[in-house]
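Asks: Chains as they are written, first to last, in this note's numbering: chain A, 1 to 405; chain B, 1001 to 1240.
C-beta: ideal position from N, C-alpha, C; glycine also.
Source: prediction; values computed, not measured.
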């Protein structure tokens, strides 16, 4: 009997101990993983109306921006061009302005000074090409221009090119997959200008780029309130200017799908004073090899070679491809107001995706800044990160950083 | 006493040490004199008895070649609850990867020779065992903190040879059914991987039911990531 008790007691102990040994000794990672697997803020194209402050032109001739305002030039010289299929009807003439036609492909030499070209109608095989070192205005008044062999509008002049979107109109430009090039002439986008481009008016312009970039200036670009731009580029950058970009207002929506393409790329100072700019980039890192040297270029919603200053407005950038950045700045970034959202959800096979990557310093003293990176740090600042006191929120988790004033 | 030991052991154990239990049940059949076949199952726990560590089962055969020399061979199917593995970024703080614990199997084969000699009532034995353990490859879950996603991780298959050398003393106390024993065992690969110190007693009922109660201290090698283990062992053998 006693032996049986010992036997049963041992068996009961064994069974009992086995049953209680069912607890995991893993580290409790649920909350930590949840912190890493957080979903980003939504960044989608937004074509809704934007309530903006009145657009007051600069009237001081000494102001460097004086000539950016189309209102400050006389526009009594007018030529109208109406496209219709393979043809174009030209109305009006201006001394010093000559126009060569090849079907609906028009080459315009302007030696006259400020001339206003009113463009309307539709062509699937046409283009406008401007020469002359005089500022001029193109008023898009319900125009739809497609050029299968190059840019839809190509300005070879170096003076201000005013693109005015007639109130309430919808305009469309599209380039071709292949460009027919002319020696010693650039042609870098569906809407290309050697000189600065200033967008104004209260109409809409869609630019579809399948061969090269969407909109590009080898000088600078200014976008004024009221403008609605949509750029869809499956090849190169959406909106690019070599010498800087100023956004005073307007609604800008950009989509790029090309590898290494940037939504917005500014080679000079970029200043945002208002408006809403949204760019979605889906391309992966572009890998090129030349002379046995391999180079890589990742996508970015916004790419700045120079200083970025945000005073007001809304900026939203999302990169979804491998190595894509929401914002990639090679210089300093200064946020004084407005709202900045940068999201990177891509993989990191070739390059690391980052919400915001800044090679210089990052100073924020106002507004709102949100950055998310699914597969690396949300914010990488090579210089100093200066967050001025007075913020309401300053949260940093492994994948998200939020600073709000 | 068992309860007292179980309660106190976590407290007295070294901070990096762990405590656990070994429960085993064995059936032994004597085919003929000197020739036995056995089938053993074993359960181990860790994490202060709270976590299952291993289940093992398998047959073995032994033959007494000489009165003082026994040869044996066996196979064990090991079902292990493998420890979690956490790696960190270069800063040593940020997580890099987390592979949660997972259950996996291993196959173990062993052959051994045991020489014994009795000095009065003390029997000294030396067992040399070679064991080969093979872990098949398998895919397990891994959380990559960089990519913030679960991914498949291959635990590669590998084999391992270990030489186990055990020196044991057993006392046969007159008119006492409890036979104390003590042993020390070294597990060696290219280096000393583990040392086991065991202190226990055997108890038998009618030469059919055999019980074993022991304490085992498992000292991990200097290059091992495993903790040192304090283990209480309970064994039962039924002899046909």
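Taking only beta-carbon atoms, is residue 375/A less than 8 Å away from chain B?
Replies: By 1-based counting over the first chain, the position of residue 375/A is 375. Yes, residue 375/A counts as interfacial toward chain B.
Asks: Between which two residues does the beta strand (DSSP E) harbouring residue 1053/B extend?
Replies: Counting from 1 along the second chain, the entry for residue 1053/B is found at position 53. Its beta strand (DSSP E) spans residues 1051-1066.
Asks: Going by the beta-carbon positions, is the gap between residue 323/A and residue 281/A smaller than 8 Å?
Replies: Within the first chain, numbered from 1, the residue matching residue 323/A stands at position 323. Within the first chain, numbered from 1, the residue matching residue 281/A stands at position 281. No; because the gap between Cβ atoms is not below 8 Å, this pair is not in contact.
Asks: I need the DSSP call for residue 66/A, collapsed to helix, strand or coil.
Replies: The count along the first chain starts at 1 and reaches residue 66/A at position 66. DSSP places residue 66/A in helix when its eight states are reduced to three.
Asks: Tell me which same chain residues have a C-beta within less than 7 Å of the C-beta of residue 1034/B, skipping the five on either side of it?
Replies: The sequence position of residue 1034/B within the second chain is 34, counting from 1. Cβ within range, chain order: 1063, 1064.
Asks: Could you check what DSSP says for residue 109/A in three-state terms: helix, strand or coil?
Replies: Here residue 109/A is taken as the residue at index 109 of the first chain, counted from 1. Strand at residue 109/A.
Asks: How long is the line joining the alpha carbons of residue 226/A and residue 55/A, rounded to whole angstroms?
Replies: Translated into the one-based positions of the first chain, residue 226/A becomes position 226. Translated into the one-based positions of the first chain, residue 55/A becomes position 55. C-alpha separation (whole angstroms): 8 Å.
Asks: Keeping to the same chain, check which residues put their C-beta closer than 8 Å to that of residue 1061/B; ignore five residues upstream and five downstream.
Replies: If you number the second chain from 1, residue 1061/B lands on position 61. Result list for residue 1061/B: 1035, 1036, 1037, 1038, 1072, 1073, 1074, in chain order.
Asks: So that I know if they touch, is there some Cβ in chain A lying closer than 8 Å to that of residue 1017/B?
Replies: If you number the second chain from 1, residue 1017/B lands on position 17. Residue 1017/B does not count as touching chain A.
Asks: How many Å lie between residue 982/B and residue 1159/B at the Cα?
Replies: Nothing can be reported for residue 982/B, as the shown portion of chain B is limited to 1001 through 1240.
Asks: Under 8 Å Cβ-Cβ, which residues of chain A neighbour residue 1086/B?
Replies: Within the second chain, the letter at position 86 stands for residue 1086/B. Those within 8 Å of residue 1086/B in chain A are 27.
Asks: Kindly list, in the order they appear in chain A, the residues whose Cβ is closer than 8 Å to that of residue 1049/B.
Replies: Within the second chain, the letter at position 49 stands for residue 1049/B. Per Cβ cutoff of 8 Å: 17, 20, 21.
Asks: Considering only residues of the same chain and omitting the five flanking positions on each side of residue 369/A, which have a CB-CB separation below 6 Å?
Replies: Mapped onto the first chain, residue 369/A falls at position 369. Excluding sequence neighbours, residue 369/A sits near 335, 340, 403.
Asks: Among all the DSSP beta bridges, which residues are the ones paired with residue 395/A?
Replies: By one-based count along the first chain, residue 395/A stands at place 395. Answer is 402/A.
Asks: Can you tell which of 1222/B, 1227/B, 1171/B has the C-alpha that lies nearest to the C-alpha of residue 1203/B?
Replies: Mapped onto the second chain, residue 1203/B falls at position 203. Answer by Cα proximity: 1171/B.
Asks: Identify every residue that forms a DSSP beta bridge with residue 270/A.
Replies: As a first step, residue 270/A must be located in the first chain, where it is residue number 270. Residue 270/A pairs with 245/A, 308/A.
Asks: Would you call the stretch 251-269 of chain A in contact with the stretch 277-295 of chain A, where contact means no fewer than 3 C-beta pairs closer than 8 Å?
Replies: Flag = yes, the stretch 251-269 of chain A and the stretch 277-295 of chain A touch.
Asks: Apart from the five residues on each side of it in sequence, which residues of its chain come closer than 7 Å, Cβ to Cβ, to residue 181/A?
Replies: Counted from its first residue, the first chain places residue 181/A at position 181. Closer than 7 Å at Cβ, skipping near neighbours: 187.
Asks: Could you give the distance in angstroms between the alpha-carbon of residue 372/A and the alpha-carbon of residue 1047/B?
Replies: Numbered from its first residue, the first chain carries residue 372/A at position 372. Numbered from its first residue, the second chain carries residue 1047/B at position 47. So the two alpha carbons sit approximately 38 Å from each other.
Asks: Within 10 angstroms of its Cβ, does residue 185/A collect 16 or more other Cβ (buried), or is it exposed?
Replies: Walking along the first chain from the start, residue 185/A turns up at place 185. Exposed, by the Cβ-count rule.
Asks: Apart from the five residues just before and just after residue 126/A, which ones in its own chain have a Cβ nearer than 6 Å to its Cβ?
Replies: Walking along the first chain from the start, residue 126/A turns up at place 126. Contacts found: 83, 104, 105, 145.
Asks: Hey, could you find the ends of the alpha helix (DSSP H) residue 35/A is sitting in?
Replies: In the first chain, counting from the first residue as 1, residue 35/A sits at position 35. It spans 30-36 - the alpha helix (DSSP H) in which residue 35/A sits, taken as one unbroken run.
Asks: According to the Cβ coordinates, are residue 1164/B and residue 1108/B closer than 8 Å?
Replies: In the second chain, the residue the question calls residue 1164/B occupies position 164. In the second chain, the residue the question calls residue 1108/B occupies position 108. No, Cβ-Cβ distance for residue 1164/B and residue 1108/B is not below 8 Å.
Asks: With a cut-off of 8 Å, does the C-beta of residue 399/A fall near any C-beta of chain B?
Replies: Taking the first residue of the first chain as 1, we reach residue 399/A at position 399. Closer than 8 Å to some Cβ of chain B, the Cβ of residue 399/A qualifies, so yes.
Asks: Closer than 6 Å by C-beta to residue 172/A: which residues in its own chain qualify, once you throw out the five before and the five after it? Chain order, please.
Replies: Taking the first residue of the first chain as 1, we reach residue 172/A at position 172. Once the five neighbours on either side are set aside, the close Cβ partners of residue 172/A are 144, 206.
Asks: Rounded to the nearest angstrom, what separates residue 166/A and residue 202/A at their Cα positions?
Replies: Counting from 1 along the first chain, the entry for residue 166/A is found at position 166. Counting from 1 along the first chain, the entry for residue 202/A is found at position 202. Approximately 6 Å, taken between the alpha carbons.
Asks: Give a yes or no on whether the C-beta atoms belonging to residue 1095/B and residue 1088/B are separated by under 8 Å.
Replies: What you label residue 1095/B is simply residue 95 of the second chain in a count that begins at 1. What you label residue 1088/B is simply residue 88 of the second chain in a count that begins at 1. Yes, these two residues count as a Cβ contact at 8 Å.
Asks: Just to confirm before moving on: does the CB-CB distance between residue 1138/B and residue 1104/B stay below 8 Å?
Replies: On the second chain, position 138 is the one that residue 1138/B refers to. On the second chain, position 104 is the one that residue 1104/B refers to. Yes; because the gap between Cβ atoms is below 8 Å, this pair is in contact.
Asks: From the DSSP output, which residues share a beta bridge with residue 369/A?
Replies: Here residue 369/A is taken as the residue at index 369 of the first chain, counted from 1. In DSSP, residue 369/A forms a bridge with 340/A, 403/A.
Asks: So what does DSSP say about residue 169/A, is it helix, strand or coil?
Replies: What you label residue 169/A is simply residue 169 of the first chain in a count that begins at 1. Correct three-state label for residue 169/A: coil.
Asks: Looking at chain B, is there any beta carbon in it that lies within less than 8 Å of the beta carbon of residue 24/A?
Replies: Here the question's residue 24/A lines up with position 24 in the first chain. Yes, because at least one Cβ of chain B sits closer than 8 Å to the Cβ of residue 24/A.
Asks: Tell me which residues share the same chain as residue 93/A and place their Cβ nearer than 8 Å to its Cβ, disregarding the 5 neighbours each side in the sequence.
Replies: Position 93 of the first chain, counting from 1, holds the residue named residue 93/A. These residues qualify, in order along the chain: 79.
Asks: Would you call residue 1199/B buried or exposed, if buried means 16 or more other Cβ atoms sit within 10 Å of its Cβ?
Replies: For the purposes of this step, residue 1199/B is taken as the residue at position 199 of the second chain. It counts as exposed.
Asks: So, are the CB atoms of residue 241/A and residue 214/A less than 8 Å apart?
Replies: The residue labelled residue 241/A in the question sits at position 241 within the first chain. The residue labelled residue 214/A in the question sits at position 214 within the first chain. No. Outside cutoff.
Asks: Going along the chain, which residues of its own chain have a beta-carbon closer than 6 Å to the beta-carbon of residue 1110/B, five neighbours each way excluded?
Replies: Along the second chain, one-based indexing puts residue 1110/B at 110. These residues qualify, in order along the chain: 1074, 1129, 1131.
Asks: Identify the continuous beta strand (DSSP E) that holds residue 181/A and give its terminal residues.
Replies: What you label residue 181/A is simply residue 181 of the first chain in a count that begins at 1. That residue, residue 181/A, is in no beta strand (DSSP E); it is neither H nor E in DSSP.
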